[in-house]
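Written out below as structure tokens is the structure these notes cover.
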Amino acid sequence: MAAGSKKTTGTKRATATKPRIAAKRPAGTEQAKPTARGAKTMPASVKATRGARATPVAPPPVLAASGDEDDLMRLRESTKATFEKLHDIDPATLPENRREEYWRDRHIAREAWEQAENAAFVNLVEKQKQQLTAVSASNAKLAKDVQTTATILGVLDVVSASLGILASVIALLA
Amino acid sequence: MSAFSASCSTIGTRATVIVAALVLSACAATNIQRAEQLGALGKAYGDAVSAAGDEAMASTVDFSLDELRKERKGGAFQTQVEREKAINSEIERLKKRQQLVAESDAQVAFLGEYFADLEQFAKQDVASSVETATGSLTDSINQLGLAIENNPEAKAKLSDAERTSIAKLAGLVARQVHGQALARILERDAAMIGTQLKLLSRVLATYAEWINARSDMEIKAFYRDNVVKPFAAAGDLPAGWDKDVRTYLRGASLSEQLSKAQAAGQRMERFWAGYLAGETSVAGMVADLKEVQKLLDAIAAYRKAKAAN
């Protein structure tokens, strides 16, 4: 997570909570520090889980319809990093009584990452939609250009045919 | 002297006209070719992005379901209510993503129509049509002249050679007009094309990121669980160990190539500015797109083969 950004909010609880699994993890498999940039709001399902257990992973972000692109990218990267660190841990190396907790944390971290990915993509699709009018206008202008060319050719054909008919009429009259 | 001078002047004028016609013809051909290439490129780009979206979605669904199954087995959800909640929210997220990919695909298809029309317009053989029409026109003029003179012996106003020359010149002019029209279109729509190509490259980069992130994680876990662990353990190696090592090597190689595809996406983002400045060719971009397409096919085949095992 990039430090120093002033635009995002964080959860104090997330930063204050000491990761429980990390404390007893074998050397070299440290868990990611919980991300403060995780959530602007938390879905009810996550609130319920966190309220009961103070899970150290980042809560899922709200499915923002729009937002600052850089913030959304950073959010996506930080939630991915958190999940990846949990994913890299071999559950078999954890004490038996920590495994369920590990899988819960891993589930919440994945949920957060997937929602952050969706939120970033919502933003991109919105940008595509905003450009729709420009594409539409260009499509219309192009169709008009094609039509104009066809009309010019059509006029030439009509003139040619008319002159041909006129010649036949004159020949008949003569 | 004056006859020679007049003759030189005529030759000079003709030469100038021929040179001008050749230059105009070359300019027209360049504009037509540029528009045709760009139209084809835009269409191919849109197709590649849509294909990447399909693969990204398939890879997301596979990964999420696999993870959810492991989480369930690992005891992440203790009660039935928790399990219901987990599957419902998973399905919601996947549905949301599917809907977003479909929306993006629709925009890409709309843009594809523009590029297809541009290519079609550039490919339109305006010159031949005009040549034929002008040929018919001169025929009609001749017929008309003969009819007015009312003399079966009267000669045609325009000879066959003149008729052909006029038709050819008209074709040349038509080609020039066509080329200019296309140049105007490209100039007029430059900003729109640039923005759209940039957006396309971002969508492509997003899909590549979805695939890459999942593939990296899967490959790491596969290496740990199927390659290292069985080998490090005492006793005989499992029967399928060699096959797993090969699967890992293939997956790792694809994963590395995916990073290259992301780099290609970044190159594409800069393509339009370079193209307008005359620094980048369409050929380079087409080669990049072909690579991306080949890679997507390889990834899809790998994913299917892994699922079948």
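Residue numbers (this note's numbering), protein chains in the order written: chain A, 1 to 174; chain B, 175 to 483. The beta carbon of each residue, even a glycine, is placed where N, CA and C say it ideally should be. Source: prediction; values computed, not measured.
- About 6 Å separates the beta carbons of B/E287 and A/N139, which is inside the 8 Å limit, making them a contact pair.
- In terms of beta-carbon proximity, A/R98 stays away from the interface with chain B, with every pair separated by 8 Å or more.
- A/Q147 has a beta carbon lying at 8 Å or more from every beta carbon in chain B.
- Taking the CA atoms as reference points, A/R99 sits about 16 Å from A/F83.
- A distance below 7 Å between beta-carbons, with the five flanking residues on each side excluded, links B/I385 to the following residues of its chain, in chain order: E229, A230, S233, L432 and I473.
- Looking only at B/F405, B/L320, B/Q273 and B/Q298, the smallest Cα-Cα distance to A/Q147 is reached by B/Q298.
- Residues of the region 75 to 101 of chain A whose Cβ lies closer than 7 Å to any Cβ of chain B, in chain order: K80, E84, H87, D88, D90, P91, R99 and E100.
- By the neighbour-count criterion, in which 16 or more other beta carbons inside 10 Å mark a residue as buried, B/F405 falls on the exposed side.
- About 15 Å separates the Cβ atoms of B/L374 and B/L292, ruling out a contact at the 8 Å cut-off.
- B/E266 and B/R444 have their C-alpha atoms some 36 Å from each other.
- Close to B/L371, with beta-carbon spacing below 9 Å, lies no residue of chain A; the smallest spacing is near 11 Å.
- Scanning B/N262, B/E392, B/A250 and B/M366 for the CA closest to the CA of B/L428 turns up B/E392.
- Around B/G425, the same chain offers I393 as residues with beta carbons nearer than 6 Å, after the five sequence neighbours per side are excluded.
- For A/T82, the enclosing alpha helix (DSSP H) starts and ends at E69 to D88.
- For B/L268, the uninterrupted alpha helix (DSSP H) run begins and ends at Q254 to K297, by DSSP.
- Within the region 112 to 135 of chain A, contact with chain B at the beta-carbon level (separation under 9 Å) is assigned to W113, E114, Q115, E117, N118, A120, F121, V122, L124, V125, K127, Q128, K129, Q131, L132, A134 and V135.
- Remark: C-beta atoms of A/L163 and B/V377 do not approach each other more closely than 8 Å.
- Taking a Cβ-Cβ cut-off of 9 Å, the neighbours of B/I359 in chain A comprise S138, K141, L142 and D145, given in sequence order.
- For the region 267 to 291 of chain B, the set of positions with a beta-carbon nearer than 7 Å to some beta-carbon of chain A reads R267, K270, R271, L274, E277, S278, Q281, F284, L285, E287, Y288 and D291 in chain order.
- Contact of A/L163 with chain B is assigned, a C-beta pair being separated by under 8 Å.
- Using a Cβ-Cβ distance cut-off of 8 Å, the region 77 to 97 of chain A and the region 332 to 348 of chain B are not in contact, since fewer than three pairs of beta carbons, one from each stretch, lie closer than that value.
- When the alpha-carbon of A/L132 is set against those of B/K434, B/G249, B/G227 and B/V282, the nearest one is in B/V282.
- Against chain A, a Cβ distance below 9 Å from B/K342 picks out nothing, because the smallest value is about 15 Å.
- Neighbourhood of A/L166 in chain B, by CB distance below 9 Å: S314, Q317, L318 and A321, in chain order.
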